[in-house]
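Protein chains: 2
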Amino acid sequence: MGRRSDHTREELHAMIVREGHRQLSEVGFARFSAREVAKQIGYSIGTIYNVMGSLDALMLAINGHTLDLWRAALEQRLEGQSENRLAQAIAAYFDFAAQHRNAWTALYDFRLPENETPPADYTARVTAITDVVVREVAAALPTGRRDQAQALARSLLATVHGHCFFAMNGTFRLLGETDPLAAALARVEDAVNAA
Amino acid sequence: MGRRSDHTREELHAMIVREGHRQLSEVGFARFSAREVAKQIGYSIGTIYNVMGSLDALMLAINGHTLDLWRAALEQRLEGQSENRLAQAIAAYFDFAAQHRNAWTALYDFRLPENETPPADYTARVTAITDVVVREVAAALPTGRRDQAQALARSLLATVHGHCFFAMNGTFRLLGETDPLAAALARVEDAVNAA
DNA sequence: TAAAAAATTAGACGGTGTTCATTTTCTGCG
DNA sequence: CGCAGAAAATGAACACCGTCTAATTTTTTA
Numbered sequence: 018m019g020r021r022s023d024h025t026r027e028e029l030h031a032m033i034v035r036e037g038h039r040q041l042s043e044v045g046f047a048r049f050s051a052r053e054v055a056k057q058i059g060y061s062i063g064t065i066y067n068v069m070g071s072l073d074a075l076m077l078a079i080n081g082h083t084l085d086l087w088r089a090a091l092e093q094r095l096e097g098q099s100e101n102r103l104a105q106a107i108a109a110y111f112d113f114a115a116q117h118r119n120a121w122t123a124l125y126d127f128r129l130p131e132n133e134t135p136p137a138d139y140t141a142r143v144t145a146i147t148d149v150v151v152r153e154v155a156a157a158l159p160t161g162r163r164d165q166a167q168a169l170a171r172s173l174l175a176t177v178h179g180h181c182f183f184a185m186n187g188t189f190r191l192l193g194e195t196d197p198l199a200a201a202l203a204r205v206e207d208a209v210n211a212a
Numbered sequence: 018m019g020r021r022s023d024h025t026r027e028e029l030h031a032m033i034v035r036e037g038h039r040q041l042s043e044v045g046f047a048r049f050s051a052r053e054v055a056k057q058i059g060y061s062i063g064t065i066y067n068v069m070g071s072l073d074a075l076m077l078a079i080n081g082h083t084l085d086l087w088r089a090a091l092e093q094r095l096e097g098q099s100e101n102r103l104a105q106a107i108a109a110y111f112d113f114a115a116q117h118r119n120a121w122t123a124l125y126d127f128r129l130p131e132n133e134t135p136p137a138d139y140t141a142r143v144t145a146i147t148d149v150v151v152r153e154v155a156a157a158l159p160t161g162r163r164d165q166a167q168a169l170a171r172s173l174l175a176t177v178h179g180h181c182f183f184a185m186n187g188t189f190r191l192l193g194e195t196d197p198l199a200a201a202l203a204r205v206e207d208a209v210n211a212a
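In the order they appear, the protein sequences are chains A and B.
Just so we're aligned, residue 18 is where the first sequence starts under our numbering, counting upward by one.
Just so we're aligned, residue 18 is where the second sequence starts under our numbering, counting upward by one.
Below is the structure:
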């Protein structure tokens, strides 16, 4: 076959990413298959490669989509909130991971080969989420300490990530921690108070 | 063929795990292959399955071995140290991850299927590392706060893990953080001072 | 309407995990 | 020593996977 009148190349690209994200969410990174994506959208495996280039590129596009959803969820949660905004942001971090288990986990399961770097539009999505956190950390700091916001935000992001990761992968359950979110909030509070 | 006089079943098990760990360290989790392990030790693929039971079991054994090495490195680093022991432990955490990149990463890349739980001898290795941290956290706390050590140690482990993870996966480089270890140490200090 | 361009296909290739009937080797007993 | 049974090891078979590409089909263009 050739061109199909009902899908432009762009639309097809979007279809693949959306279906890929759907399947990734369903079966998880370990069982994800490009062939199955092709089957579900009614195209052949070859088309996936023509449109996406490679499995790595497909994964980057899917993870990019997850990052978009994550930032949207984060900003929606903060919208109109005037108190405890940093705590709200952290809770949103945890909520997104819990509600999008497989997609969130895949953000960290998937890695490009050693020599390659992610494309600019992917890293931009990562920094977009970071920027939200930087903004909220800055607001939580005393006015004289706002210049520390960027560095502190990076570190607090790592702190929250570590807690969320251990919550999701079972480590906290194993260690008897029953409220990972509270632990993360406590660590962030410690750091903000120290600044 | 049948029994080979030069290897007991136990020795063969150990051989497989050691060679598996070697290859995992070399090529990383994504490119790890049980078939290649078999080839390198001069046995057939079937034998790997006879001895280990499944690929999941093999991965658990290999990761268990990594955890053993990690705890040994941690304890060796602390041996004889009388000052800054908690900071030393954290530095050892980072050092091990850096020096055993692929093996360390595989600890988190590999996950059992949803319904299954890791065997007791695996979880014991995880808690063995945790116990070292609990001990050092307790020592760093004022005597009246020692009862918080366990809960705080869990949280600080997550904190350090988050920083180490972002250091290893490139997130910190992307965000401009040039000294992840220092950031982790600062967060731990904040938490200890707050207690 | 014919030629050029674009889109799509599907099969081939080399790899993977997994299973299991078969073969080989070892052990112990008569 | 010979032989039977147990233990160990094999490797072919199966169903997948990502990747590539020659061939085909459709659409667009001239």
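Beta carbons: idealized from backbone N, C-alpha and C, even for Gly.
The structure presented is a predicted model; accordingly, all values stated were derived computationally and were not measured.
Three Cβ pairs or more, each shorter than 8 Å: is that satisfied between the region 121–131 of chain B and the region 94–104 of chain B?
In short, these stretches do not touch, since the Cβ pair count stays below three.
- Message: I need the boundaries of the alpha helix (DSSP H) containing residue 200 of chain A, first residue and last residue.
- Response: In the DSSP assignment, residue 200 of chain A falls within the unbroken alpha helix (DSSP H) covering 197–211.
With DSSP run on the structure shown, which of helix, strand or coil describes residue 192 of chain B?
Correct three-state label for residue 192 of chain B: helix.
Check whether the Cβ atoms of residue 145 of chain A and residue 88 of chain A lie closer than 8 Å to each other. Yes, the Cβ-Cβ distance between residue 145 of chain A and residue 88 of chain A is below 8 Å.
Comparing alpha-carbon positions, which option in A:202, A:66, A:81 lies nearest residue 136 of chain A?
-> Nearest C-alpha to residue 136 of chain A: A:81.
**OP:** Using a Cβ cut-off of 7 Å, pull out every chain B residue sitting near residue 207 of chain A, in sequence order please.
**Re:** Those are 207, 208, 211, listed as they occur along chain B.
Please classify residue 26 of chain A: is it buried, with 16 or more other beta-carbons within 10 angstroms of its beta-carbon, or exposed? Residue 26 of chain A is exposed by the Cβ-count criterion.
Please identify, using Cβ separations under 7 Å, the residues of the region 129–140 of chain A that lie next to chain B, in order along the chain. If the cut-off is 7 Å between Cβ atoms, the region 129–140 of chain A has 140 near chain B.
Open item on the list: In whole angstroms, give me the CA-to-CA distance for residue 141 of chain A and residue 147 of chain A.
Closed with: Those two C-alpha atoms are separated by around 10 Å.
(message) So with CB distances below 9 Å, who are the chain A contacts of residue 143 of chain B?
(response) Contact note: residue 143 of chain B reaches chain A through 188, 191, 192, using a C-beta cutoff of 9 Å and chain order.
Buried or exposed (CB count within 10 angstroms, at least 16 for buried), residue 37 of chain B = Buried, since its Cβ has 16 or more Cβ neighbours within 10 Å.
**Whole-number beta carbon distance between residue 207 of chain B and residue 108 of chain A, since they are thought to touch under 8 Å** = About 21 Å separates the two Cβ atoms, so there is no contact after all.
### Query
Would residue 194 of chain B be called buried (16 or more neighbouring beta carbons within 10 Å of its own) or exposed?
Counting of Cβ neighbours within 10 angstroms places residue 194 of chain B among the buried residues, the total reaching 16 or more.
- Query: How about residue 125 of chain A: is its C-beta nearer than 8 Å to some C-beta of chain B?
  - Reply: Chain B places a beta carbon closer than 8 Å to that of residue 125 of chain A, counting this residue as a contact.
### Task
Could you please give the first and the last residue of the uninterrupted alpha helix (DSSP H) stretch that includes residue 156 of chain B?
The continuous alpha helix (DSSP H) containing residue 156 of chain B extends over residues 137–157.
Alpha-carbon to alpha-carbon, residue 72 of chain A and residue 63 of chain A
Their Cα atoms are separated by approximately 12 Å.
query = Hey, would you say the C-beta of residue 80 of chain A is under 7 Å away from at least one heavy atom of the ligand MN?
reply = Looking for the ligand MN in the displayed structure turns up nothing, as the structure carries no ligands at all.
Practice problem: Go to residue 128 of chain A, then tell me how far its alpha helix (DSSP H) extends in each direction, as first and last residue. | Solution: Taken as a continuous stretch (DSSP letters only), residue 128 of chain A belongs to no alpha helix (DSSP H), as it is neither H nor E.
Minimum length 4: unbroken alpha helix (DSSP H) runs contained in the region 28–75 of chain A: 51–58, 62–69, all fully within the region 28–75 of chain A.
How should residue 83 of chain B be labelled, buried or exposed, when 16 other C-beta atoms within 10 angstroms of its C-beta is the threshold for buried? Buried.
Quick one: grab the DSSP three-state call for residue 18 of chain B.
Residue confidence for residue 18 of chain B is low, a pLDDT of 49 falling below 50, so the modelled location carries little weight; the figure read from the coordinates is stated next. It is coil, neither helix nor strand.
- Taking contact to mean at least 3 C-beta pairs separated by less than 8 Å, is the region 187–201 of chain B in contact with the region 170–184 of chain A? Verdict: yes, contact present.
Quiz item: So is residue 172 of chain B in contact with chain A if we call contact Cβ pairs under 8 Å?
Solution: Closer than 8 Å to some Cβ of chain A, the Cβ of residue 172 of chain B qualifies, so yes.
Q | Short Cβ contact (8 Å threshold) for residue 57 of chain B with residue 49 of chain B | A | Going by C-beta atoms, residue 57 of chain B is not nearer than 8 Å to residue 49 of chain B.
- Query: Rounded to the nearest angstrom, how far is the Cβ of residue 167 of chain A from that of residue 151 of chain A, given a contact under 8 Å?
  - Reply: Correct: roughly 6 Å between the Cβ atoms.
Which residue's Cα is closest to the Cα of residue 177 of chain B: B:158, B:154, B:191? Nearest option by C-alpha distance: B:154.
On the criterion of 16 or more Cβ atoms from any shown chain inside 10 Å, does residue 188 of chain B qualify as buried, or is it exposed?
Residue burial is scored here from C-beta neighbours: residue 188 of chain B has at least 16 other C-beta atoms within 10 angstroms and is therefore classed as buried.
Q.
Could you tell me the alpha carbon to alpha carbon distance between residue 85 of chain A and residue 34 of chain A, rounded to whole angstroms?
A. C-alpha of residue 85 of chain A to C-alpha of residue 34 of chain A: approximately 12 Å in a straight line.
Task: Inter-residue CB distance, residue 65 of chain B and residue 55 of chain B (contact presumed, cutoff 8 Å) - done: The beta-carbon separation of residue 65 of chain B and residue 55 of chain B, rounded to 5 Å, stays under the 8 Å limit for a contact.
Against residue 176 of chain B, what residues of chain A qualify as contacts under a CB-to-CB distance less than 7 Å, listed in chain order? From the beta-carbon of residue 176 of chain B, the residues of chain A found nearer than 7 Å are 176, 179, 204.
Three-state secondary structure (DSSP) at residue 178 of chain A? Helix at residue 178 of chain A.
Q.
Can you pull the chain A neighbours of residue 200 of chain B, defined as C-beta to C-beta under 8 Å?
A. The contact set of residue 200 of chain B on chain A, defined by CB atoms closer than 8 Å, consists of 168, 171, 172, 175 in chain order.
Any idea what DSSP makes of residue 172 of chain B, helix, strand or coil?
Here residue 172 of chain B sits in helix by DSSP.
- Quick one: residues in its chain with C-beta nearer than 7 Å to the C-beta of residue 52 of chain B, no 5 flanking neighbours on either side, listed in chain order? The residues are 62.
Review point. So, residue 46 of chain A versus residue 119 of chain A, is the Cβ gap smaller than 8 Å?
Key: Yes; because the gap between Cβ atoms is below 8 Å, this pair is in contact.
Does residue 18 of chain A get closer than 8 Å to chain B when you measure Cβ to Cβ? Bear in mind that the predicted position of residue 18 of chain A carries a pLDDT of just 46, short of 50, making it too unreliable to give a figure here.
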